[in-house]
Structures are given as structure tokens and as C-alpha cells.
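Peer 1:
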Amino acid sequence: MTSTEIDRSTGEALLEGRNLRKTYRLGRDNSVEALRGVDVTIRAGEMVAIMGPSGSGKSTLMHVLGLLHAPDANHGPRPELCFAGRDVASLGEGERTRIRAREMGFVFQDFNLVGTMTALENVTLAAGYAGLGRADGRSKAREALARVGLAERSGHRPNELSGGEQQRVTIARALVSSPALVLADEPTGNLDSARTGEILSIFRRLNRDEGQTLVLVTHDPEVGEACDRVIRMRDGRIA
Ligand SMILES: Nc1ncnc2c1ncn2[C@@H]1O[C@H](COP(=O)(O)OP(=O)(O)OP(=O)(O)O)[C@@H](O)[C@H]1O
Ligand SMILES: [Mg+2]
440 MTSTEIDRST GEALLEGRNL RKTYRLGRDN SVEALRGVDV TIRAGEMVAI
490 MGPSGSGKST LMHVLGLLHA PDANHGPRPE LCFAGRDVAS LGEGERTRIR
540 AREMGFVFQD FNLVGTMTAL ENVTLAAGYA GLGRADGRSK AREALARVGL
590 AERSGHRPNE LSGGEQQRVT IARALVSSPA LVLADEPTGN LDSARTGEIL
640 SIFRRLNRDE GQTLVLVTHD PEVGEACDRV IRMRDGRIA
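Count along the sequence shown from 1, then add 439; that gives the number in this note's numbering.
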């Protein structure tokens, strides 16, 4: 399965989850039911926000949808998770990693950039993980940085960039391999309203021009309003 095989314009389900549960166990009598049975469908080409109170399970859901965590399968109805028509609920770690690297891009609030590398090197590194060759990876990385308006800053290291610029590097990193799906957890959480507007217009453009499907976890009503649809969570369930 490569990006090109995923049809981005059909409006068919790109991600489909049923009976998604996740309990964190901290000790014998101490556990948190972060997801209590979530059914969710994300269609190809959608830009969706996941909103809800702190602790309601948004990040946990994003980790499960992004194949970073497997849903619990040891209690309750059997969990189902399909990505691009393929059952991914019970894949091994190797195959999950491969799908993540090639088909998904992640944007986290605490940037996770490599401090000793320039913006261009950070994005090129991600291109390598996604399977692009050296030269191709570097030119795709340049393109991605240009798309987020950072061509002029590609030689800067993270500590030589503003918060908003660092966030744009992580977005460039997430989209360098043109993944079908971009999952972002509080992508504008550290940014002021002007920078938030810039990031939102980058996401909107990607969604419109490249048919990328975007799932944005956010507390920011401005982000919610910019999306096609808002999924609201409360206490580990879709509200
Ligand atoms: N690794 C973990 N171990 C134990 N409990 C966890 C872990 N991660 C999250 N939790 C708990 O699971 C619940 C859901 O957490 P989650 O991070 O999904 O919430 P959230 O909706 O993203 O919240 P926020 O808006 O504050 O980021 C919370 O009660 C949290 O304390
Ligand atoms: Mg969270």
C-alpha cells in the first residue's frame, strides 16, 4: 500500500474504528479508562477536529487512530480498526510502524525536533523514515519547507527559530511524504492567534489542494470552526 493507492477524493471511510477501548493500568487498584468504547469514522478528504475537556481521551484516541497504541482487546466487544479498507486492529508492531511512516504524518505540540539539526535536516530525516531516497528526500524536504513558508529559514536549528516557525517545521516534517492522513495533537497550542491563523490556512490548503485528510485535536474554538466537522469527546466517549 502506498500513498498513491489511497483515493483521497471519494469521501469513503479512510479510518473506521469500532469498540475502541483503552485502559491505562498504573497498579492493582489504580486504572484509568481513557477510552470507553468509541465508534468513529473519518472520511477521505475530511478535515476534522476532536474537541472536549482535558482528560476526556482525545490524545488517547489520536494515538489509537494513528496506530501508536493498539486498542484493548482483552475485555468487552472486539475492537475493529480499518485504515484505507485494511484491518489494522491486530497488526504487529513492524507493520504498524511501516504504515505510520508511509501513510501518516504526526504533528505534536511539543515539537520533538532534533536540536542539533537544521530545519532542512530535520525534515529530510523524516523523508528517509518514510522511505524516500537521499536526493529525493532532500528535495521533498525543501518543497515541504517552502509550502509552510520557511524556505528562508531551512538552515536554522530549532533554537534559532520562533515557536511558530518550529511548529511549521513539524508540519513540513509531517507532510514531506505526502501522507494520506495527518494527525495533529494541539497543533496550535503554543501559538498566538495570528500564528494559529497561519497554521490553519496551511492545513486548509493541504486539505483542499492535495486532498489530505486531517484530524486535529484542539481546545481552540477557532480551530474547530475552521474544520468541516467537530467530534466531541467526554469521559472517554464520543459525546
Ligand atoms: N500513559 C498514561 N498512563 C496513565 N493514565 C493516562 C496515560 N495517558 C493518559 N492517561 C489518563 O487517561 C485519560 C485521558 O487522557 P488523554 O491524554 O487522552 O486526555 P486528553 O483529552 O487528550 O486531555 P488534554 O486535553 O488534557 O490533553 C486522563 O484521565 C489521563 O490522566
Ligand atoms: Mg491531550
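Just so you know, even glycine gets a beta-carbon here, dropped at the ideal spot from N, CA and C.
Quantities reported herein were computed from a predicted structural model and do not represent experimental measurements.
Going by the C-beta, is residue 497 closer than 6 Å to any heavy atom of ligand 2?
Peer 2: If you number the sequence shown from 1, residue 497 lands on position 58. Yes; taking the cut-off as 6 Å, the Cβ of residue 497 has a heavy atom of ligand 2 nearer than that.
Peer 1: Touch check for the segment 510-530 and the segment 454-467: three-plus C-beta pairs under 8 Å?
Peer 2: Yes, the segment 510-530 touches the segment 454-467.
Peer 1: If residue 630 sits next to residue 606, beta carbons under 8 Å apart, how far is it from one beta carbon to the other, in whole angstroms?
Peer 2: For the purposes of this step, residue 630 is identified with residue 191 of the sequence shown, where counting begins at 1. For the purposes of this step, residue 606 is identified with residue 167 of the sequence shown, where counting begins at 1. Their Cβ separation, rounded to whole angstroms, is 6 Å, which keeps residue 630 and residue 606 in contact under 8 Å.
Peer 1: Does the beta-carbon of residue 494, which I'm using as the reference point, lie nearer than 6 Å to any heavy atom of ligand 1?
Peer 2: Sequence index remark: in the sequence shown, residue 494 carries index 55 (1-based). Because some heavy atom of ligand 1 lies under 6 Å away, the Cβ of residue 494 counts as near it: yes.
Peer 1: Between which two residues does the beta strand (DSSP E) containing residue 688 stretch?
Peer 2: Nothing can be reported for residue 688, as the shown portion of the chain is limited to 440 through 678.
Peer 1: So, is residue 600 buried or exposed, given that buried needs 16 or more other C-beta atoms within 10 angstroms?
Peer 2: As a working mapping, residue 600 is identified with position 161 in the sequence shown. Result: buried.
Peer 1: State buried or exposed for residue 633, treating a residue as buried only when at least 16 other CB atoms are found within 10 Å of its CB.
Peer 2: As a working mapping, residue 633 is identified with position 194 in the sequence shown. Classification of residue 633: exposed, given that the 10 Å Cβ count is below 16.
Peer 1: Inspect the beta-carbon positions of residue 475 and residue 675 and report whether they are closer than 7 Å.
Peer 2: Residue numbering aside, residue 475 sits at position 36 when the sequence shown is read from its first letter. Residue numbering aside, residue 675 sits at position 236 when the sequence shown is read from its first letter. Result yes, Cβ atoms of residue 475 and residue 675 sit closer than 7 Å.
Peer 1: Residues in its own chain within less than 8 Å of residue 561 by CB, not counting five upstream and five downstream?
Peer 2: Sequence index remark: in the sequence shown, residue 561 carries index 122 (1-based). Within the same chain, residue 561 has close Cβ partners 552, 553, 597, 608, 612.
Peer 1: Secondary structure at residue 582, three-state DSSP: helix, strand or coil?
Peer 2: The count along the sequence shown starts at 1 and reaches residue 582 at position 143. Three-state DSSP puts residue 582 in a helix.
Peer 1: Residue range of the beta strand (DSSP E) that residue 556 falls in?
Peer 2: Here residue 556 refers to the residue found at position 117 when the sequence shown is read from its first residue. Taken as a continuous stretch (DSSP letters only), residue 556 belongs to no beta strand (DSSP E), as it is neither H nor E.
Peer 1: Ignoring anything shorter than 4 residues or poking outside the segment 597-668, list the alpha helix (DSSP H) runs there in chain order.
Peer 2: 602-614, 632-649, 660-665, all fully within the segment 597-668.
Peer 1: Which whole-angstrom value describes the C-beta separation of residue 654 and residue 489, a residue pair presumed to lie in contact below a C-beta threshold of 8 Å?
Peer 2: For the purposes of this step, residue 654 is taken as the residue at position 215 of the sequence shown. For the purposes of this step, residue 489 is taken as the residue at position 50 of the sequence shown. Right, the Cβ-Cβ distance comes to about 7 Å (below 8 Å), so this counts as a contact.
Peer 1: Should residue 592 go down as buried or exposed, given a rule of 16 or more other Cβ atoms within 10 Å for buried?
Peer 2: Within the sequence shown, residue 592 is the residue found at index 153, counting from 1. Residue 592 is buried by the Cβ-count criterion.
Peer 1: Does residue 671 come out as helix, strand or coil in the three-state DSSP assignment?
Peer 2: As a working note, residue 671 is residue 232 in the sequence shown. Looking at residue 671 - three-state DSSP - the assignment turns out to be strand.
Peer 1: In whole angstroms, what separates the C-alpha of residue 668 from that of residue 492?
Peer 2: Position 229 of the sequence shown holds residue 668. Position 53 of the sequence shown holds residue 492. Spanning the two alpha carbons is a distance of roughly 17 Å.
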